[in-house]
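Report on one structure; see the data block that follows.
There are 4 protein chains.
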Amino acid sequence: MAGSIYGKLFTISTWGESHGKALGVVVDGCPAGIPLCEDDIQIYLNRRKPGQNAYSTQRSEADTVEILSGVFEGKTTGTPISMLVRNQDQHSKDYSDIAISYRPGHADYCFDEKFGFRDYRGGGRSSGRETIGRVAAGAIAAKVLETLGIKLTAYTRSIGDYIIDYDKFDENEILVNPLYMPDKECSEKAGSYLKEVMSELDSIGSSVECVITGMPVGVGEPVFSKLDALLAQGIMSIGAVKAVEIGDGIEVAKSKGSYNNDNFYMNAGNVAKMTNHSGGVLGGMSDGAPIKVRASFKPTPSIYKEQKTINKDHEEITMAIKGRHDPIIGPRAVVVVEAMCAITILDLLMVNATSKIDNLKKIYEN
Amino acid sequence: MAGSIYGKLFTISTWGESHGKALGVVVDGCPAGIPLCEDDIQIYLNRRKPGQNAYSTQRSEADTVEILSGVFEGKTTGTPISMLVRNQDQHSKDYSDIAISYRPGHADYCFDEKFGFRDYRGGGRSSGRETIGRVAAGAIAAKVLETLGIKLTAYTRSIGDYIIDYDKFDENEILVNPLYMPDKECSEKAGSYLKEVMSELDSIGSSVECVITGMPVGVGEPVFSKLDALLAQGIMSIGAVKAVEIGDGIEVAKSKGSYNNDNFYMNAGNVAKMTNHSGGVLGGMSDGAPIKVRASFKPTPSIYKEQKTINKDHEEITMAIKGRHDPIIGPRAVVVVEAMCAITILDLLMVNATSKIDNLKKIYEN
Amino acid sequence: MAGSIYGKLFTISTWGESHGKALGVVVDGCPAGIPLCEDDIQIYLNRRKPGQNAYSTQRSEADTVEILSGVFEGKTTGTPISMLVRNQDQHSKDYSDIAISYRPGHADYCFDEKFGFRDYRGGGRSSGRETIGRVAAGAIAAKVLETLGIKLTAYTRSIGDYIIDYDKFDENEILVNPLYMPDKECSEKAGSYLKEVMSELDSIGSSVECVITGMPVGVGEPVFSKLDALLAQGIMSIGAVKAVEIGDGIEVAKSKGSYNNDNFYMNAGNVAKMTNHSGGVLGGMSDGAPIKVRASFKPTPSIYKEQKTINKDHEEITMAIKGRHDPIIGPRAVVVVEAMCAITILDLLMVNATSKIDNLKKIYEN
Amino acid sequence: MAGSIYGKLFTISTWGESHGKALGVVVDGCPAGIPLCEDDIQIYLNRRKPGQNAYSTQRSEADTVEILSGVFEGKTTGTPISMLVRNQDQHSKDYSDIAISYRPGHADYCFDEKFGFRDYRGGGRSSGRETIGRVAAGAIAAKVLETLGIKLTAYTRSIGDYIIDYDKFDENEILVNPLYMPDKECSEKAGSYLKEVMSELDSIGSSVECVITGMPVGVGEPVFSKLDALLAQGIMSIGAVKAVEIGDGIEVAKSKGSYNNDNFYMNAGNVAKMTNHSGGVLGGMSDGAPIKVRASFKPTPSIYKEQKTINKDHEEITMAIKGRHDPIIGPRAVVVVEAMCAITILDLLMVNATSKIDNLKKIYEN
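Heads up: the sequence lines are chains S, Y, X and Z, in that order.
So for the first sequence, this note's numbering puts the first residue at 12; every next one is plus one.
So for the second sequence, this note's numbering puts the first residue at 12; every next one is plus one.
So for the third sequence, this note's numbering puts the first residue at 12; every next one is plus one.
So for the fourth sequence, this note's numbering puts the first residue at 12; every next one is plus one.
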């Protein structure tokens, strides 16, 4: 699994399994001089914590983060920042039946084929708890971006057929909303629907959006490390994501050029666009408008309903998955999407710093 | 632009501008012993060549590829394979007006902000001709994959509202169809519609799909270099792509778990799935079923219609883009999507070769 | 400091400062199926532990390693292996004077210029304790290599002018020798000399060699990731190393071709070389003979003698460095050299696994 | 051979074989805005061209470089710069006998084992001609560095036992000297000796030094991408190099700390060091003093003298290598060492640009 490292200059290495001793991340390449303490990280981790409301698993992890290196006298030193969260509330017994069965919609079968065996406890490395490292690193990235005037806002956009009404978008609602939706009315309907789904022992899909404002123009490295290409990698790498869209997303496949093109104009002396179908990305680089990215999450594959499948010995069996699991992934993944966007954008912002000789002169000439 | 390199073990470095002397690619890390000649590459390049039909630009480039290194006595040697296509038919005068204007929907403005200036001729590096390097490299990757029993099939799925009927899917139609559609009837309707759009001096969006069969199970490196994550990067990095979907794609956001989960069963002694909503990827690894990936292309941003925009001096202007440009991107990009899938999958297949000690023993023990 | 990650497929991310909470490493890409427990790591860490003999610092760290992830039921799972060693015996007060002074031969001044400030306690990230992560990762690499029949032997070759006599080379002496020398007689003389140096409040240089046997032929990736090139990077990256030599090393600059060339011959049906001036590397690839690499370590820069230097405010001062420090670096670095060789070689061995299509067929064809 | 790519931000991909159609390099990530033309490159390539004097092979390649992309209106655009040199004077017949024999001191045997076969003409990828790509890329890097006030000076330091006298060091002599030595007297003696060696049908080793002045302090990324570590990789990756030394090099193994430490002092308001035993590198970062690096080259392995060896069928044979080959490698490699230093240092300078938040603010804040 040589795939747990992400980023070119701001580089993260995540590690840990659901029921191992701990999970964490090493952040290499964080610029020195950023004020940072454990609270900065904890705020983000709390947003992905289980047991927050009626819809999420009752597993109650404290998920307390410890910073082990890279910070001195309250500031980042430029050396690797290692962060760790100990696992506490593991009910390994709940998962004992999955040791030999291949759960539909899960990676059990793939893991066994790839590695010869797997840590089956709680899904091992493919558990949602894997995202702890991403979120801790994302909290740091977001803090650096904030210093540079860049802000990220992520939220649940839809649950099943319940989609937020953008006319009722209330940013302040997001963090107090049990489903992290910016539209309270929609969230209430979605909440009722969720209970219905739960009563059917089933789960449901959802979508999450992230909007990033304050971007300098030109961030992104054509042709393979374009801003949208790396956002797509970063977000698609989150468990259960099956689609990534930028700006108008799949709608562009039906649009005409005269509609889809955003016309430039001057707004109080600044370059601006009349529309933002591009979602803030042109030719793989930021165009100055808000970046808009959307992820579609599949329904939680763990359901209480009985399903047909096979076991390790390739015998056909039926199974109903026990244990604690959320009926929906999106809301708890909102902060993960935000984290991956923050990490990706900061990394590209750092790479872009050397795009022209004038930038190098600013830094190296007295 | 430190972004023109892609892949970890099978690594490609593409280069070249629309109106420069040439375009090309260096492929590093191609396994030795693969039979390879220029015809193998030319077949792929011909699929993206302009001037093939009534709907594509009349620019008639020969686009003849030359292999400069890495092949000896008809086989790859394991050393870098350099390939080059000379530019021939450049009408630089056609583009002279864009030297100072920022075309809507194009990256002109972003390039100037990022690098201080840009090669404006024919769009420079952001031209569709940039994909020549991708396709040449993809032809090699596809050949290696073929050796291992893996096959890629890409095609145009939709043009505007015209979507292929999967019941009429005819694989043999694809390469003879002027729009690279596998459904002749749909393609005829889409063709008429395209002419209508052209008469309006406008352009239209489209979508492209790629299906990969014969995959071993377990290919893909969680958690950041998952199979779907890297396919998303590779495909989103193609110009004009605004969405990437795997399997059911955005539909999963509305699905229930009991529907979305693919049940495993035994089929004549082999592990199989009853459905393939996952699109062949579970937990970021291949699950043995066909991989299904879809890209949504925005309409060609270059349109003959007059548009409002600004110029380099930040003055508001109007412009109608002259020169030769296709009214649609998808069909000519079919082979590019296929190429990026081939490159991505081969690279991950190579990385996966060292996933367990038993594999290393197979290679190093006598 | 985006430089704490090393390796392409077997990738390590080290972290931690001398007086921070802990130090450690994340190993990504370790093949699955290797038996591994904390004792395997501890044996290696004990070899670099301080306080082992009369010549090393009396700082007595337990340096107990904890494996936090990536191992299940006693075997590596293929997921990242996180390892941690808590710091215990920090006498931060001993180092308070270096907070504002730039010690000659140390990186204090460079750190301040690069990052704006530094964690000065015990040298922070530039302390020898940084190597804990390297050694822990190296222990794993060595174990994988052992499985494949490859063995590493490292030892102190010289201390000042005292160089081992290869005719008296005794491999069994190394691990019981207080200076990790394979020649007891030489070690005793060197030991007396060391005491002399210590009594002068001074320090002395040394050299360390590593020999690797059992290598398959052809490991190493020309032209930049050659076996010797990456060994050079890996070993030169160890603090205080100022020279890396392969085989005959600097002596080749004075040799004639007729002497330096190793003649091939057949030995009981196997390809062999009559001499090994190449040190087992030809054209950047292993040639089947033992790999021989040598590192020259500068004397410990921390000395008790009074030295002239400047402080943070650029005032000229004199200082005598207090605290605990070894009078020599080589002996405690023997295991670090071995670790860097193991990591480098395993990584290249994994990359080499995909060098030819026949290898891929061995793995992917049934 | 997934090893032909070097550098993190300033990234080069070299390609080409001795007797293939051409050799070249793609430079990705060069900052935009650097004036560049083919002459800038040609000047460097001419320094490594064969047939320059009595001591080098009479093969007379024009080695004319063509820039194919990445430069517009005389300046780098920030997009990949592709450069190509066509091969002309290939006498393939001269090499026909090495097709089946394994030359001592060469990589023939290793190539066959690694890849199954090899392009044996003129040594294929392991020929000295491989360095054309390095030198072309190095010419660009040196030009960028010059813009920032950094200058590189490389020269032949020794040939056999003839070592330059530093008291007679004349920088202006280097480029006019037939052996690229800065000491005319020494060069004349070395030249006579060389003729003697040639008359014996033998070859001789040599050493090359490079000095870099004008470095900012703090360049280099501990702990694995330290300045000296990457210089070691870059230089050791040059064919025939068997040792890399920084500053005092192997002499440090015999030095005392009180001698080896460079004392800091203030020189006209600037931080300076009284000595430069460190060779300008402390803790893996530039310390402001001139960087001094030395490479030891083995004698040319191709000699006219008869040698014992084996062939492809593992039969013992004798062979005398025909064809044209230099009796010494160092002098023609001087420009290659300089090129690798330039590339390495520019890359690290670019990475260092994001080491602290203040740097990012300089670039992104208005």
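Glycine included, each C-beta is placed from N, C-alpha and C at the ideal position.
Where does C48(Z) land, buried or exposed, given buried means 16+ other C-beta within 10 angstroms? For the purposes of this step, residue 48(Z) is taken as the residue at position 37 of the fourth sequence. Burial check for C48(Z): the Cβ neighbour count within 10 Å stays below 16, so the residue is exposed.
Going by DSSP in three states, P342(Z) sits in which element: helix, strand or coil? Translated into the one-based positions of the fourth sequence, residue 342(Z) becomes position 331. Helix at P342(Z).
Closer than 8 Å to chain Y by CB, G202(S): Your numbering for residue 202(S) matches position 191 in the first sequence. Cβ-Cβ to chain Y under 8 Å: no for G202(S).
Just tell me which of C221(S), I302(S), Y120(S) and I246(S) has its CA closest to the CA of P227(S). One-based indexing of the first sequence puts residue 227(S) at position 216. The shortest C-alpha separation from P227(S) is found at I302(S).
Against V37(Y), what residues of chain Z qualify as contacts under a CB-to-CB distance less than 9 Å, listed in chain order? Your numbering for residue 37(Y) matches position 26 in the second sequence. Neighbours of V37(Y) on chain Z, chain order: S15, I16, S24, T25, W26, G35, V36, V37 and S93.
Within 8 Å of any Cβ in chain Z, is that where the Cβ of V263(X) sits? Reading the third sequence from its first residue, position 252 is the one you call residue 263(X). Yes, its Cβ sits closer than 8 Å to a Cβ of chain Z.
Starting from the beta carbon of D123(Z), find every residue of chain B whose beta carbon is closer than 7 Å, and list them in chain order. Absent from the structure: chain B. Protein chains present are S, Y, X and Z.
Can you pull the chain Y residues whose beta carbon is under 7 Å from the beta carbon of E207(S), in chain order? For the purposes of this step, residue 207(S) is identified with residue 196 of the first sequence, where counting begins at 1. Those do not exist, as E207(S) stays about 11 Å from chain Y at its closest Cβ, beyond 7 Å.
Taking only the alpha-carbon atoms, compute the straight-line gap between N385(Y) and D74(Y) and give it to the nearest angstrom. Any property of residue 385(Y) remains undetermined from this structure, which presents chain Y solely from 12 to 377.
DSSP bridge partner residues for N322(S) (one or two, in chain order): Your numbering for residue 322(S) matches position 311 in the first sequence. Residue pairing for N322(S): DSSP places it in a beta bridge opposite S112(S).
Please tell me whether A43(Z) has its Cβ less than 8 Å away from any Cβ of chain Y. Taking the first residue of the fourth sequence as position 1, residue 43(Z) is located at position 32. Yes, A43(Z) counts as interfacial toward chain Y.
Contact with chain S by N272(Z), beta-carbon distance below 8 Å: Taking the first residue of the fourth sequence as 1, we reach residue 272(Z) at position 261. No, its Cβ sits nowhere closer than 8 Å to a Cβ of chain S.
Counting only Cβ pairs nearer than 7 Å, list the residues of chain S close to S214(Y). As a working mapping, residue 214(Y) is identified with position 203 in the second sequence. Result: K267 and G268.
At the 8 Å Cβ level, is R129(X) part of the contact set with chain S, yes or no? Counted from its first residue, the third sequence places residue 129(X) at position 118. Residue contact with chain S for R129(X): present (Cβ-Cβ distance below 8 Å to some residue of chain S).
What is the DSSP secondary structure of A201(S), reduced to helix, strand or coil? Taking the first sequence and counting its residues from 1, the one referred to as residue 201(S) is at position 190. Here A201(S) carries a helix assignment [DSSP, helix/strand/coil].
Would you call the region 217 to 227 of chain Y and the region 328 to 348 of chain Y touching, i.e. three or more CB-CB distances under 8 Å? Output reads yes: the region 328 to 348 of chain Y touches the region 217 to 227 of chain Y.
Determine the closest residue to F21(Z) out of K32(Z), V37(Z), E28(Z) and G14(Z), with distance taken between C-alpha atoms. By one-based count along the fourth sequence, residue 21(Z) stands at place 10. Taking F21(Z) as reference, the option from K32(Z), V37(Z), E28(Z) and G14(Z) with the minimal CA-CA separation is V37(Z).
Using a Cβ-Cβ distance under 8 Å, would A243(Y) count as near chain S? What you label residue 243(Y) is simply residue 232 of the second sequence in a count that begins at 1. For A243(Y), the answer is yes, since a Cβ of chain S falls inside 8 Å of its Cβ.
When you compare only the Cα positions, how much space is there between A13(Z) and T90(Y)? Taking the fourth sequence and counting its residues from 1, the one referred to as residue 13(Z) is at position 2. Taking the second sequence and counting its residues from 1, the one referred to as residue 90(Y) is at position 79. T90(Y) has its alpha-carbon roughly 8 Å from the corresponding atom of A13(Z).
Have a look at I151(Y) and T88(Y) and give me their C-alpha separation to the nearest angstrom. Reading the second sequence from its first residue, position 140 is the one you call residue 151(Y). Reading the second sequence from its first residue, position 77 is the one you call residue 88(Y). C-alpha separation (whole angstroms): 13 Å.
Taking only runs that begin and end inside the region 260 to 309 of chain X, name each unbroken alpha helix (DSSP H) of 4 or more residues, in chain order. Listed in chain order, they are 268 to 271.
Along chain Y, which residues have their Cβ under 8 Å away from the Cβ of D369(S)? By one-based count along the first sequence, residue 369(S) stands at place 358. Ordered by position in chain Y, the residues that pass the 8 Å Cβ test against D369(S) are G127.
Is D213(Y) near I340(Y), with beta carbons less than 8 Å apart? Against the second sequence, residue 213(Y) aligns to sequence position 202. Against the second sequence, residue 340(Y) aligns to sequence position 329. Contact: no.
Checking 8 Å against the spacing of the C-beta atoms, do I321(S) and V255(Y) come in under that value? Counting from 1 along the first sequence, the entry for residue 321(S) is found at position 310. Counting from 1 along the second sequence, the entry for residue 255(Y) is found at position 244. Taking 8 Å as the Cβ cut-off, I321(S) and V255(Y) do not qualify as a contacting pair.
Contact set between E327(Z) and chain X, taken where Cβ atoms lie within less than 7 Å: If you number the fourth sequence from 1, residue 327(Z) lands on position 316. Within chain X, the residues near E327(Z) are Y276 and M277.
Does T311(Y) pass the burial test, meaning 16 or more other C-beta atoms within 10 Å, or should it be called exposed? Taking the first residue of the second sequence as position 1, residue 311(Y) is located at position 300. The Cβ neighbour count for T311(Y), taken over all protein chains shown within 10 Å, is at least 16; the residue is labelled buried.
Sequence-distant residues of its chain with Cβ nearer than 8 Å to H288(S) (five each side left out): Residue 288(S) sits at position 277 when you count from the first residue of the first sequence. So the qualifying residues of the chain are G258, D259, V263, S266, Y270, N271, N272 and D273.
Relative to the C-alpha of P115(Z), which candidate in Y276(X), D324(X), K333(X) and P338(X) has its C-alpha closest? On the fourth sequence, residue 115(Z) is found 104 positions in, with the first residue counted as 1. Selection Y276(X), D324(X), K333(X) and P338(X) evaluated against P115(Z) yields Y276(X) as nearest (Cα-Cα).
Distance cutoff 8 Å, beta carbons only. Does I257(S) sit that close to anything in chain Y? Counting from 1 along the first sequence, the entry for residue 257(S) is found at position 246. Judged by the 8 Å Cβ criterion, I257(S) is in contact with chain Y.
Contact with chain Y by P227(X), beta-carbon distance below 8 Å: Here residue 227(X) refers to the residue found at position 216 of the third sequence. For P227(X), the nearest CB of chain Y lies under 8 Å from its own CB, placing it at the interface with that chain.
Is there a C-beta anywhere in chain Z that falls below 8 Å from the one on K333(X)? Here residue 333(X) refers to the residue found at position 322 when the third sequence is read from its first residue. Taking Cβ atoms only, chain Z never reaches closer than 8 Å to K333(X), which makes this a no.
Is there a C-beta anywhere in chain X that falls below 8 Å from the one on T164(Y)? Sequence index remark: in the second sequence, residue 164(Y) carries index 153 (1-based). T164(Y) does not count as touching chain X.
Answer yes or no: does any C-beta atom of chain X fall closer than 8 Å to that of I109(Z)? By one-based count along the fourth sequence, residue 109(Z) stands at place 98. Output row for I109(Z): interface = no.
With 8 Å as the threshold, decide whether the Cβ of V82(Y) is near any Cβ in chain X. Walking along the second sequence from the start, residue 82(Y) turns up at place 71. At least 8 Å separates the CB of V82(Y) from every CB of chain X.
Determine the burial state of E84(S): buried for a count of at least 16 other Cβ atoms within 10 Å of its Cβ, exposed for fewer. Working through the first sequence from its first residue, we reach residue 84(S) at position 73. Taking all protein chains in view, the Cβ of E84(S) is surrounded by fewer than 16 other Cβ atoms within 10 Å, so the residue is classified as exposed.
Span of the alpha helix (DSSP H) holding T158(S)? In the first sequence, counting from the first residue as 1, residue 158(S) sits at position 147. Counting along the chain, the alpha helix (DSSP H) containing T158(S) begins and ends at T142 to T158.
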